[in-house]
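Engineer: The structure is given below, and queries will be raised subsequently.
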Amino acid sequence: MRFSLFFLAAALGTVREFLGEWFMTRSWLCLLAGIPAIISGLAFLAIAPWHARTSSLEWARRYEQAGNAALRRSDWDAATVYFRRLAYLGGESPVSIYGLALTAERQGDLPNARNRMQRIAPETHLGFPPAHFWLAKDLMDRQDRLSFEQLDVLEHHLVQAARHPTHRAESQVHLTSLYAMRGEIDKAIGEAERVAFDRPVIHLTLAELYAHAGRHERSQLSAIRATEVLDARRLAQPDDPVLRILWASSLRLQGRFEDAVNALRPGLSWPDPTPFHQALADTYLHWFRNTTTPENLRSPQQMALLEQVLQYDANNQQAMVILCNYVMQPGESGARAAEMLDEMLERGTAPAVVHLALGIRHLQQAESELALTHLRQAGQHNPHLPALLNNIAWDMAHQDQPNLELASRFGEAAVQMQNHPEFHDTLGTILAKMEKAEDALPHLEIAYRELPPRATIHQHLGDVYDQLGKADLAAQHHRQAAELKSSPIEEGSP
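This is the structure we're talking about:
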C-alpha cells in the first residue's frame, strides 16, 4: 500500500516537471499565429452537429426560396445555382425543373423553358400544376389561331393547373372563356359558377352565358350582382376606363340601355375615348336588336338606333349588314337607309359594302349609271363582285316566279364590269326569256364564239333566230343543240 502511494506521487511529480519544462520551452508566438485555424476547427465542430440535424426537406425549401428570390431580383446566375442544388438534392424534382425552366424563360430561352415544362407537365396526363399553368399561358400568348388539337391541349393544361390553389381561380376563368368560345355553354357556366366567389366580376360573364342558354332570370340576377360589384369598384377607382365599360355592360345586360349609354358618355371626354366609342356602338347595337320587332322594324326610332351605332363605329360590320338589308326595302325605311349610306360616303367613312348596297338599290330602281358607279367602287375591294352579280342574275331568272327585269339589270351590271363570256351567256339567256331577241343576240353570239360547245347556248340562239324570222339559222342551232344533248357527255359542260 505504501509502495503504491509512493509510486503514484513519483509519477505525478514527473508529469508536473514535464509539463513545466514543456510550457517554459514553447514559442507562444506560433500559438497566436494558429488561433484562426483553431477557431475555424472549433466552428466546424459546432456546425457539423447542427447541419446533421437540418433535414433534406428543409434544405430543399431554403434552396427553392433562395432561387425564387434570385428570380425576383433578376439574378439569373444565382437562380440557376440554387435550382441546380435543389435538383442535386432532390434528384431532378419537379420543383427544381420548374425553377430552371423559369430561369431559362427570364433569360429569353423559351425553347429550353418549354422543353423543361413539358417534362413535368405532359399533354396527356397529370403533372406539376404550376408547369401546366405556364404551358397554358404560353399557348394563349401565341399570335396564331389555335387548332382544335391545341385547344384540347390548352383545356388539359388548365384543368390540371386548377388543382393548385395559386392558379385555381385564373385557370377557371380561362376555362370559362375556352368553353364559351367552343359553344360548350353548360361547361362554361359550371366553371364560372365555381370561380364566382373568388372572382365576383365573372358574374358579368355569367349573365351573358345564362342569357345565351335562355336562362333569363338567372341572367338578370347575375347582371345585378355584377352591377353591384363593378359600381363599388368604379367609385373606388373613378379614372379606370375598363371598370366603367364593364359597369355599363352590366347595365346593358339588364336591359337598362339608356343607363348604359349615360354611363359611357363621360368617357368620350377622356384622353383616349376610343374604347368608349366602341362600347357605345355595341350598346346601341344591342339596344336595336333587343327592341326590334316585325311591327317596328322600319320605324324611325329603330333607324335612329342603327344610326347611333354607325356614328360611334363607322365600320361596324353587323350594323352594315342590317343597313344594307334596309336599303333594299321599299318605302321610307329604305330611302332613309340610303341617305345614311350616302352621308357615310360623303364623310369618307364608308366601307366597300356600302357601295355594293347602294349599287343594288340603284339597280332595283333602274338607275343603271348610278348603280355601275357604286358597283365599280365596290369591285375595287372585291374582284369577285362581277361573278356575284352574274350569279344573282342567274338565280333571279330561274326562280318559280322570276323577276326577269331586275335579273337583266344585274346581268348587265356584271357584263359592264367584266367582259366575260359566261356573263354574256347569262345576260343573253335572260333577254331571250324576255323575248328581247335583238338585245339577246349579241350576248349569245359572244358566248357561242368564246365558250366550248354547249347545248343551252345553241338552244337559246335557235329560239332568238326564230323570233327574228331567220328559220335556217334557227334550225341549224336547234339541230346542234339536239346533237349535244344526245352525246353521252356534253362537250364543254361544267
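One gets this note's numbering by counting positions in the sequence shown from 1 and adding 1373 to each. Virtual Cβ for every residue (Gly too), placed ideally from N, Cα, C.
Can you find the residues in the same chain that come closer than 7 Å, C-beta to C-beta, to residue 1819, ignoring five residues on each side of it along the sequence?
Structural biologist: 1794 and 1797
Engineer: Just how far apart, CA to CA, sit residue 1637 and residue 1622?
Structural biologist: 10 Å
Engineer: Using the three-state DSSP reduction, which class does residue 1466 fall into: helix, strand or coil?
Structural biologist: coil
Engineer: Is the Cβ-Cβ distance between residue 1729 and residue 1735 less than 8 Å?
Structural biologist: no
Engineer: Just to confirm, is the Cβ distance from residue 1359 to residue 1810 under 8 Å?
Structural biologist: Because the chain in this structure spans residues 1374 to 1867, residue 1359 falls outside the shown range and cannot be described.
Engineer: How would you write the range of the alpha helix (DSSP H) that residue 1615 sits in, first residue to last?
Structural biologist: Unbroken alpha helix (DSSP H) run through residue 1615: 1614 to 1626.
Engineer: Hey, is residue 1597 close to the ligand GDP, as in C-beta under 7 Å from one of its heavy atoms?
Structural biologist: Within the structure as shown, the ligand GDP is missing, as the structure has no ligands at all.
Engineer: Whose CA, out of 1677, 1817 and 1532, lies closest to the CA of residue 1712?
Structural biologist: 1677
Engineer: Any idea what DSSP makes of residue 1519, helix, strand or coil?
Structural biologist: Reduced to three states, the DSSP call for residue 1519 is coil.
Engineer: Would you kindly work out how many angstroms separate the C-alpha atoms of residue 1829 and residue 1779, rounded to a whole number?
Structural biologist: The alpha-carbon atoms of residue 1829 and residue 1779 are separated by roughly 22 Å.
Engineer: Helix, strand or coil for residue 1836 per DSSP?
Structural biologist: helix
Engineer: Classify residue 1687 as helix, strand or coil using the three-state DSSP reduction.
Structural biologist: coil
Engineer: Can you tell me which of 1782, 1504 and 1522 puts its alpha carbon nearest to the alpha carbon of residue 1537?
Structural biologist: 1504
Engineer: Out of curiosity, what's the CA-to-CA distance linking residue 1530 and residue 1658?
Structural biologist: 37 Å
Engineer: How many angstroms separate the CA atom of residue 1442 from the CA atom of residue 1468?
Structural biologist: 15 Å
Engineer: Mapping DSSP to helix, strand and coil, what is residue 1649?
Structural biologist: Looking at residue 1649 - three-state DSSP - the assignment turns out to be helix.
Engineer: On the three-state DSSP scale, how would you describe residue 1604?
Structural biologist: Residue state, collapsed to three classes: helix.
Engineer: With DSSP run on the structure shown, which of helix, strand or coil describes residue 1530?
Structural biologist: helix
Engineer: So is residue 1615 buried or exposed if we call it buried at 16+ other beta carbons inside 10 Å?
Structural biologist: exposed
Engineer: What are the boundary residues of the alpha helix (DSSP H) that residue 1537 is part of?
Structural biologist: Unbroken run through residue 1537: none, as it is neither H nor E.
Engineer: Just reading off the alpha helix (DSSP H) that residue 1782 is part of, what are its end residues?
Structural biologist: For residue 1782, the enclosing alpha helix (DSSP H) covers residues 1777 to 1790.
Engineer: If you measure between the beta carbons of residue 1572 and residue 1542, is that distance less than 8 Å?
Structural biologist: yes
Engineer: Suppose the cutoff is 6 Å on Cβ atoms and the five residues either side in sequence are ignored; what does the same chain contact list for residue 1453 look like?
Structural biologist: 1476
Engineer: Return the chain-ordered list of same chain residues with a C-beta closer than 7 Å to the C-beta of residue 1426, the five sequence neighbours on each side being excluded.
Structural biologist: Caution is warranted here: a pLDDT of 47 is assigned to residue 1426, below 50, making its placement in the model unreliable, and the coordinate value is therefore given only provisionally. Taken in chain order, the list of residues that qualify is empty.
Engineer: When you compare only the Cα positions, how much space is there between residue 1582 and residue 1553?
Structural biologist: 8 Å
Engineer: Cβ atoms of residue 1787 and residue 1763: under 8 Å apart, would you say?
Structural biologist: yes
Engineer: Among 1821, 1714, 1705 and 1665, which residue has its Cα nearest to the Cα of residue 1684?
Structural biologist: 1714
Engineer: Quick one, which of 1437, 1535 and 1480 has its alpha-carbon nearest residue 1466's?
Structural biologist: 1437
Engineer: For residue 1792 and residue 1624, I'd like the C-alpha separation in whole angstroms.
Structural biologist: Approximately 55 Å between the Cα atoms of the pair.
Engineer: Which residue comes first and which comes last in the alpha helix (DSSP H) that contains residue 1845?
Structural biologist: Counting along the chain, the alpha helix (DSSP H) containing residue 1845 begins and ends at 1844 to 1859.
Engineer: Cutting at 8 Å between CB atoms, please list the residues of its own chain near residue 1610, excluding the five before and the five after it.
Structural biologist: 1616
Engineer: Going by the CB atoms, is the gap between residue 1619 and residue 1653 shorter than 8 Å?
Structural biologist: Taking 8 Å as the Cβ cut-off, residue 1653 and residue 1619 do not qualify as a contacting pair.
Engineer: Does the beta-carbon of residue 1549 have 16 or more other beta-carbons within 10 angstroms, so that it is buried, or is it exposed?
Structural biologist: Buried, by the Cβ-count rule.
Engineer: Can you tell me where the alpha helix (DSSP H) with residue 1772 in it begins and where it stops?
Structural biologist: Neither: residue 1772 is in no alpha helix (DSSP H) and is coded neither H nor E.
Engineer: Since I believe residue 1599 is in contact with residue 1558 (beta carbons under 8 Å), could you give me their beta-carbon distance rounded to a whole number of angstroms?
Structural biologist: Rounded, the Cβ-Cβ distance is 18 Å, inconsistent with contact.
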